[in-house]
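Written below as structure tokens is the structure these notes are about.
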Amino acid sequence: MTVHFKQDEPDTRNLLDQGSQGVIGTAMSRPEGLAKVTGTAPYSAEYRFDDCLVGVLVTAPFTKGRITGIDKETALAMDGVVAVIDDSRMTARPAQGGAGEAPQQSPRQICYYGQPFALVVATSFEKARHAAKHLPFSYEADDVSDIPLDPETAETEAGDGGMQAGDLAHAMATAEHAVDVSYTTMGHASAAMEPHAAIAQWDGGRLTVHASLQMPNYNISELADALDLTEDKVRIVSRYVGGGFGSKLGLSEETTAAALAAMELGKPVKVVMSRQQVFQSIMRRSESSQRVRLAVDAEGRLTGFGHEARVSNLPGEEFAEPVLQSSAFLYAGENRLLALDVARIHQMTAGSVRAPGEAIGMPVLEAAMDCLAEEAGIDPVELRLRNIPEKDPGKGLPFTTHELADCLKKGAEAFGWDSGPRKPRQNRDGEWWIGTGMASAARVHNVAEAKARVTLNADGTARVQSDMTDIGTGTYAILTQIAAEMLGLDPANVMVELGDTDFPRGPGSGGSWGAVSIGSAVVIACDAIRQSLAKKAGIDADDLKLKDGKLQGSQPRSLSELLDGGNMSEEGHYEPGDISDDYTSSSFGAFFAQVRVNRHTGETRVDRMLGAFGFGRVLNEKTARSQCLGGMVWCIGSALTEALHFDPVDGHLVNCDLAEYHVPVHRDVPDLEVMLVESRDPAASAVQGKGVGELGMCGGAGAIANAVYNACGARLFEFPMTPDKVLADMPD
Amino acid sequence: MPITVNDRTHDLPDDPRVSLLDFLRGHLGLTGTKKGCDHGQCGACTVLVNGMRINSCLSLAALHDGDAVTTIEGIGTPEDPSALQQAFVEHDGFQCGYCTPGQICSATAMMDEIANGWPSDASAELTGEIKPTPEEIRERMSGNLCRCGAYSNIVQAILATQEAQS
Amino acid sequence: MKPFDLQRADSLTHASQLCSERNAKPIGGGANLVDLLKLEVERPDRLVDINRLPIAGIERMDDGGLRIGALASNTAVAVDDDVRSQWPVLSRAILAGATQQLRNRATTGGNLCQRTRCYYFTNIDQPCNKRAPGSGCGAIDGVARLHAVLGTSDQCIATYPGDMAVALSALDAQVEIASANDRHRTVPVREFHRLPGDTPWKDNVLEQGEVITAVTLPKPVSGRQIYRKVRERSSYAFALVSVAAIIDMADGLITRADLAFGGLAHKPWHDPRIAEALIGKSPHEALFDKAADILLEDAQGYGENDFKIPLALRTLKAVLAEATGVQL
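Residue numbers (our numbering), protein chains in the order written: chain A, 1 to 732; chain B, 733 to 898; chain C, 899 to 1226.
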């Protein structure tokens, strides 16, 4: 049976609070934890199949043009080479998240440096790797001087998210205090630790692909469409995904290539991208240039709010880094201007990288707010508190729950925020200037359609199945807890099976919507089972009390006794409804950071950082906290070290490895403190929760930038704030 | 001479190009050791060779005849995990889990290095006893990237294990 | 990775013979070489496994110096009791480089031969005179963030990336080299690495068939020893600028000022005029400025790396201040 729930209004039943097991929200360790720490959890490239061949992608060493010929014969004569695949159905660039249709094909038409256009298949990795390096091909490359590479000079198109209300210019001119500041942020890579990988098997009628993907529910449509197969002929398995951060949202080059090779050769084919290929052909986060204009009255209340941004992408790509997403509603100001431009350039596809939009829009806005606080002589926390709007200032809609004020106050207190007058260069520890800074956090809340099957077995155990993934986010844990709570089971008696498209379609992991969407589907399925159990027990469902595998009451009965040899299975189907027309919904938070800046070298290190986050219900205190911690580490990276560097001549990515693209290391990360400011948000989802996966990085880089200024007096308008930039702006 | 991996001996591959990492993963099926970058830039492939942690991706298998290799599979199993592995679960010292075997192999060796009094870049003095402070642990674990950002929890897991053992 | 023939050397002479044939290379730990083999930046026909040669020891010499076998791992050197107590700048430099995993595998000889991290050198589809003579230099008009500001040529602006050799340069260590027919020679570390000039493919003075057997340190000297590395990340990153310093004072005057610099040039940079300017003087900020002026008088930036010039100045001054107790 399928039970459908479409969320057209707040779900005030709060079904999860009716459970008696007492596991929901607790800091339960991940059920798959032992498999991960012992190396026994299988990731996509780690399944063993007899006669498995190995494919290595061949990429274009030029920026734009076309491949005119491939000398397969020479390649096939090389040691161990079995085939050269150059099928026109191969993927030229990854699908954007949620595309649900074949990504760009025609791989011989080269649009960016490093674009894969062929696959060399051999009997061993070593042989395939060598042959792929030496596959002879001819090409016609466009003159690099004719190729738009610089987003500042390239042609632009208007992106989504623009709006105008009132007269910002007038508000700026007549304001008591105003700031008009411009920033740049450099591109980012997801750099998930597991490179993109797939093993494809074709049995003559059906394709099975073990692939590292975040959203099998969309990826199956993308792959089927790319291969001209119907979806029932395709199965995708992604039980363990070694990090995604947006890079595995859409079908990418290795999976299609493995599938085509397996179908052509009739043998399993494994394709794993090299780290360099991941950097060069998977999504980048666009660089940006941004201008923020803020005008306040004498009390520090915003009268004008402007946020404009320019980002880039390949011609024809719909995605534009949604920089202004949270600027639309975060602060008040009746005179508003938001505008986003997309420059068309030939670098690898720009797409979702953890917290697309807010990851770079929020730090810039929050750095500008710090300038405003200084200009107006108002404490930065107080300035934000004074500008929390009653309603979404653009749409006029009420918010679902709004935790910003709570997070600002509780965070400030826990951090020991000094609300006294602020001046840079007041604290020194030897060679180091010490300073503090803060920022608000906001991330729009999304939900997606989700289905999950829950089966209560005759022996009193339960099974949860969906093609939803756990990319490190904690899906295995929270679905275990939801089912255990709803059905009154010890979590050890709940088995969660994920990442297989033979199961009901989940929402996929992305946009921070995974937990609340699939969690809602599981709640709905469990609720239906509870109804059936109540009926069977001859009691009203509201009186049903399930705990430790027993129906509680004057005479407790075990579930297996009640089930009497049968089982109960329900498919929960959660669907977002019209409620988004009635509310604006976002997760909120606040960051506080203390940094040290070396007065000689400009090196910056984060001493301590605290984040207070509100996102409705906490499903698992441990995994939710970990999500926030992870986001804060990304704040440190994007504030201080992470930058994609592109060659100015031909536009290729020069630092395409983990030695030179500097993700934070252990030593960059101090003790991080996370406060979970919990509430119930019945309008957000059927679990009364909002997204948390990305919130932890939405603004924190701004807190670090503000702390750098407070420490050493260098007011930087560029991210990341590497020592060269700090030194250039640091007063002597 | 053959190579010994987790107390079992194996013949080395014929192709001298096979890295120790690809030998472990591809030839022996010991896929607990991960390939994150294949160039010594992430630490996911960390294993112990004769007790010393190394990046198995940057070493040719053929150079390891006679060596004794310990991989994550030799450190503990789901049925019998090491104290450190248990602490990683308890403290949520991982998220996606891909860097985790490398982190654990690395930390296992690191505890011995500290006990041996080996200094690090974070040590104030080059000689004398080394205290396993968070800063020491962070510097010594910096060869193991974690993109999920589980660093704080990893340090907590290591500290808890250190404390329980001392 | 190109197929190659792997041979094991059972003696130094054997190693030199095996290496003297065209396009053969010795392999020790392989920490840098295997990386470059995978990228096909290095494409030898033969690799000579020298790991069984008896050149891994570290021993005190009669003159009080230290002889470090070429196969001694970076870790073995950094934690050696004598090195830690008598030549601490070497321990510090090694510990500031790479990671424990890499230091466990990397050898002293291999580390001296570590090749540049220039992005254009490691991408075989880009021009690079070092990798493909005559193909041009991608970095000069490209992204030159990591690159050299001293001793560059119009052919190459790559840097030597290591830390250990910078300390060895400050210590005025010697490199012992063996070649076929049991010939041996000794080259000062300061002359081991080359400037790119018109032959940027030659990183150092080793000739085909030559194998480094040891590095020797002169007897310990008194004074403060400091290795200071400026980097973007707090660990596991190559130096933007580094300074190795051995500074001694007597009666308020500087009596020793052995300095070497990393991240600035195609070799660990040593300029004897800096010591001349400092020795015999009372330390003060203006003197440090003068030392920095000498260091940087011919420095040339290439846009993105212009910052290295002020950064080198500031780092040198910070190190001199730390060593002499002067407040800046």
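Note that the Cβ used here is the ideal one computed from N, Cα and C, for glycine as well.
Practice prompt. Mind checking which residues open and close the beta strand (DSSP E) that includes A/S587?
Written response: S586 to N598
Practice prompt. For A/Y183, name the three-state secondary structure that DSSP assigns.
Written response: A/Y183: strand per DSSP, three-state reduction.
Item to complete: State yes or no: is the beta carbon of A/H346 nearer than 8 Å to at least one beta carbon in chain C?
Response: Nearest CB-CB separation between A/H346 and chain C: not below the 8 Å threshold.
Fill in: For B/N846, the residue or residues it bridges with in DSSP
In the sequence on display, residue 846 of chain B carries Ile and not Asn. Looking at the DSSP assignment, B/I846 forms no beta bridge with any residue, so it has no partner.
Discussion item. Short of 7 Å Cβ to Cβ, which residues in the stretch 762-778 of chain B face chain C?
Written reply: D770, H771, G772, G775 and T778
Discussion item. Within 8 Å, do at least three Cβ pairs link the stretch 664-674 of chain A to the stretch 382-397 of chain A?
Written reply: They do not touch, by the three-pair rule.
Discussion item. So for C/W985, helix, strand or coil by DSSP?
Written reply: coil
Discussion item. Buried or exposed, going by whether 16 or more other CB atoms sit within 10 Å of the CB of C/G963?
Written reply: By the Cβ neighbour-count rule, C/G963 is buried, with 16 or more other Cβ atoms within 10 Å of its own.
Worksheet item: With respect to the beta strand (DSSP E) encompassing C/R1088, which residues constitute its N-terminal and C-terminal limits?
Response: That residue, C/R1088, is in no beta strand (DSSP E); its alpha helix (DSSP H) goes V1087 to F1090.
Discussion item. By the three-class DSSP mapping on this structure, what secondary structure does C/D980 have?
Written reply: helix
Discussion item. Rounded to whole angstroms, what is the Cα-Cα separation between A/S326 and A/L365?
Written reply: 10 Å
Discussion item. Considering only their Cβ atoms, is the gap separating C/V1047 from C/I1207 smaller than 8 Å?
Written reply: yes
Practice prompt. Under 9 Å between beta-carbons, which chain B residues line up against A/F245? List them in chain order, please.
Written response: R879 and C880
Discussion item. I'd like the ranges of any beta strand (DSSP E) spanning at least 3 consecutive residues and lying wholly in the stretch 626-695 of chain A.
Written reply: 672-676
Worksheet item: How many angstroms separate the CA atom of C/T1084 from the CA atom of A/G435?
Response: Roughly 52 Å between the two C-alpha positions.
Discussion item. Going by beta-carbon coordinates alone, are C/S1120 and C/D1146 separated by less than 8 Å?
Written reply: yes
Worksheet item: Closer than 7 Å, Cβ to any Cβ of chain A: which residues of the stretch 1185-1210 of chain C, in chain order?
Response: Listed in chain order, the positions of the stretch 1185-1210 of chain C with a beta carbon within less than 7 Å of a beta carbon of chain A are F1205, P1208 and L1209.
Worksheet item: Checking contacts by CB at 8 Å: is A/E660 closer than that to chain C?
Response: yes
Discussion item. In the DSSP assignment, the alpha helix (DSSP H) including A/S560 goes from what residue to what residue?
Written reply: L559 to L563
Worksheet item: Of all the CB atoms in chain C, is at least one closer than 8 Å to the CB of B/E871?
Response: yes
Discussion item. Any beta carbon from chain C within less than 8 Å of B/A794's own beta carbon?
Written reply: yes
Fill in: 8 Å Cβ cutoff, B/R749 in contact with chain C
yes
Discussion item. Considering only heavy atoms of the ligand HEM, does any lie closer than 7 Å to the CB of A/V323?
Written reply: Of ligands this structure carries none, so the ligand HEM is not represented either.
Worksheet item: In chain E, which residues lie less than 7 Å from C/K923 when you measure between Cβ atoms?
Response: Among the protein chains in the structure shown, which are A, B and C, there is no chain E.
Discussion item. I'd like to check one pair, C/V975 with C/I956: are the Cβ atoms closer than 8 Å?
Written reply: yes
Discussion item. To be precise: take each residue of the stretch 600-630 of chain A, compare its Cβ to all Cβ atoms of chain B, and keep it if any distance is under 9 Å. Which residues remain?
Written reply: K622, T623, R625, S626, Q627, L629 and G630
Item to complete: Indicate whether at least one CB of chain C lies closer than 8 Å to the CB of B/R902.
Response: Because chain B spans 733 through 898 in this model, residue 902 of chain B falls outside it and cannot be assessed.
Practice prompt. Would you mind telling me which residues of chain C sit closer than 9 Å to A/K64, beta carbon to beta carbon, in chain order?
Written response: Simply none; closest approach about 15 Å.
Discussion item. For B/L780, report the span of its beta strand (DSSP E) as first-last.
Written reply: Counting along the chain, the unbroken beta strand (DSSP E) around B/L780 starts and ends at T778 to V781.
Discussion item. Tell me which residue opens and which closes the alpha helix (DSSP H) that C/G936 is part of.
Written reply: In the sequence on display, residue 936 of chain C carries Lys and not Gly. That run of the alpha helix (DSSP H) goes L931 to L937.
Item to complete: May I have a chain-ordered list of the alpha helix (DSSP H) segments no shorter than 4 residues that lie completely inside the stretch 204-275 of chain A?
Response: 216-227 and 253-265
Fill in: Endpoints, the beta strand (DSSP E) within which A/E390 is located
Element bounds for A/E390: n/a, residue is neither H nor E.
Item to complete: Could you list the residues in the stretch 1048-1068 of chain C with a C-beta less than 9 Å from some C-beta on chain B, going in chain order?
Response: none
Worksheet entry | Environment of A/K423 [buried if 16+ CB atoms lie within 10 Å] | exposed
Item to complete: Within the same chain, show all residues whose beta-carbon is closer than 6 Å to that of A/S569, passing over the 5 residues directly before and after it, in chain order.
Response: So the qualifying residues of the chain are T455.
Worksheet entry | chain B residues whose Cβ lies nearer than 7 Å to that of A/K737 | Any answer about residue 737 of chain A is impossible in this case: the structure gives chain A only from 1 up to 732.
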